[in-house]
Amino acid sequence: MLDALVQYCRRADRLDVIATVDSALHRRILNSAGLEALRRRLPARCREWLDRVNGDAEAGTESILRVACEDEGWCVQIQVSYRGGRLDLVIDGWLCIEVDGSEFHDVGKQASRDRRRNTQLVRDGYRWHRFGYADVVHRLDETIEVIRILLRQGRPSIVQDS
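Below you can see the structure in the form of structure tokens.
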């Protein structure tokens, strides 16, 4: 498996390498010793990319978006606990970003849980936005621009019950 990762990392671009190695760590296909072995076998240009890997993301799209947001200088937390569930990313402590596929998040029980969570986020003074696979993989620049706009609009205040 290490040989395959070495070959892939030598040919793939930075964000794809980070997402792939992140996923391997998250799924425990690769451990910290394997990560260091991978680092030793990569060209210098690729080694520093591994400094951005943490294994916390549950999907490659989360890793890609996390790194792109960190590149913007934003403080990004990943898989943040919130009211019995988790938020994919939280930027600057208040902008909650979900990166979801439509298979589980557009219909059914998960979609219902997502809507209840999003309603509660608004009530608690957060802002949220959802992106899909294509937004992150094929339109990353546009996705980052939307996040810039949301951050410029500022953190909402907590809604007070009347």
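Just so you know, the sequence shown maps onto residues 4 to 165 in our numbering. Just so it is clear, CB atoms sit at the ideal spot from N, CA and C, and this is done for glycine as well. As the structure is a computational prediction, the values presented were derived from the model and not from experiment.
*Would you mind reading off the limits of the alpha helix (DSSP H) that contains arginine 11?*
Looking at the sequence provided, one finds tyrosine at residue 11 rather than arginine. Per DSSP, the continuous alpha helix (DSSP H) segment holding tyrosine 11 begins and ends at 5-14.
_threonine 122 burial status per 10 Å Cβ neighbour count (16 or more: buried)_ = Around the Cβ of threonine 122, a 10 Å sphere holds fewer than 16 other Cβ atoms; the residue is exposed.
*Spell out a yes or no on whether the segment 145-161 and the segment 68-84 are touching, meaning 3 or more CB-CB pairs, one atom from each, closer than 8 Å.*
These segments touch.
*Skipping 5 residues on each side, what residues in its chain have a beta carbon closer than 6 Å to that of glutamate 101?*
So the list reads Asp91 and Arg133, once near-sequence residues are dropped.
*Cβ pair glycine 135, aspartate 103 closer than 8 Å*: For glycine 135 and aspartate 103, yes; Cβs fall inside 8 Å.
*Residue nearest to isoleucine 147 in terms of C-alpha spacing, selected from Glu61, Lys112, Ile67 and Arg30*: Of all alpha-carbon atoms in Glu61, Lys112, Ile67 and Arg30, the one lying nearest the alpha-carbon of isoleucine 147 is that of Ile67.
*Beta-carbon proximity list for serine 35, same chain, < 6 Å, skipping 5 on both sides*: Nothing listed; no residue qualifies.
*Which residues share a DSSP beta bridge with glutamate 65?*
Under DSSP, glutamate 65 shares a beta bridge with no residue.
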